[in-house]
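Structure first, commentary second.
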Amino acid sequence: MAGNSLQVTKDDNSNATVNFTSTTKITEVAPATLSDVTSGSCVTVRPTQEIQPGGQQPVTAASVRVSPSVNGTCPKPKDNKPGSAPGATTPAPSGSPSPAPAKPKPLQGSVASVTGGTITVAGTDASGNTTQTSVTVDDKTKYTKLVSSTPEAITQGKCVSARGTTDNGGALQATSIRLRAAVDGKCPGPGQPPRGH
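Following this note's numbering, the numbering of the sequence shown begins with 4 at its first residue and continues without gaps.
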């Protein structure tokens, strides 16, 4: 990192330049516990299995990520369009191993209440109706939280996810940067930009 610019190594091992300013929003994913899940906070829950329409069956959380609300509201979930996953439209050759099962779609919303090992998550369905889903946590549930950070936290070896616009020289002018610790020296997930240098 030099000044307000950093070099990152992308998934394809190519390098990219990310520039940032004093107005760039910098956040970091940090370890958390159930006590960080409080009423009014925003959560993204990754269930252990796919949530069925209707929300009547119990949901067990594999992981919970907590983030602060913005002006009292939580960001709306992103639409996951069918076939958008890499290779999703390419049929597998006969005799090839079965593809790994798709991860269950995450549940996003605001925390209505926390009672013991149950989190009630308020959200909206595809029709815009308000929903409430009870989520059970156990000793296997992993917790993380999104916290505000500073440029000083951008250090070599961390995973960097940046959003912004690309200038004529190919550098990304970042409006937001998200940091997280590498796992065994690697950045998790396809499409997750890369280790900061």
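The C-beta atom is built at its ideal place from N, Cα and C for all residues, glycine as well.
Please read all numbers here as calculations on a predicted model, not as lab measurements.
Cross-strand partners of residue i (DSSP beta bridge)
i       : result
Gly-126 : Thr-134
Pro-50  : Ala-64
Gln-111 : Thr-47
Val-117 : Ile-122
Ala-185 : BP columns for Ala-185 are empty, so no partner.
Rounded C-alpha distance that separates residue i from residue j
i       : j       : result
Thr-134 : Lys-143 : 26 Å
Gln-10  : Asn-132 : 44 Å
Leu-110 : Ser-116 : 15 Å
Pro-50  : Asp-141 : 12 Å
Ser-25  : Thr-178 : 10 Å
Asn-18  : Ala-156 : 20 Å
Thr-121 : Leu-182 : 29 Å
Ser-152 : Gln-159 : 16 Å
Secondary structure of residue i, DSSP reduced to three states
i       : result
Thr-92  : The predicted position of Thr-92 is uncertain, since its pLDDT is 40 and thus under 50; a value taken from the coordinates is nonetheless stated next. Coil.
Ser-38  : helix
Ala-156 : helix
Ala-17  : Residue identity differs from the one stated: residue 17 is Ser in this sequence, not Ala. It is coil, neither helix nor strand.
Ala-174 : coil
Gln-10  : strand
Lys-28  : strand
Val-73  : strand
The beta strand (DSSP E) enclosing residue i, as first and last residue numbers
i       : result
Gly-167 : 162-169
Thr-147 : 145-151
Proximity to residue i [Cα-Cα], best of the options
i       : options                     : result
Ser-38  : Pro-78, Val-69 and Pro-50   : Val-69
Gly-119 : Val-138, Thr-76 and Gly-112 : Val-138
Val-46  : Asp-14, Asn-22 and Thr-76   : Thr-76
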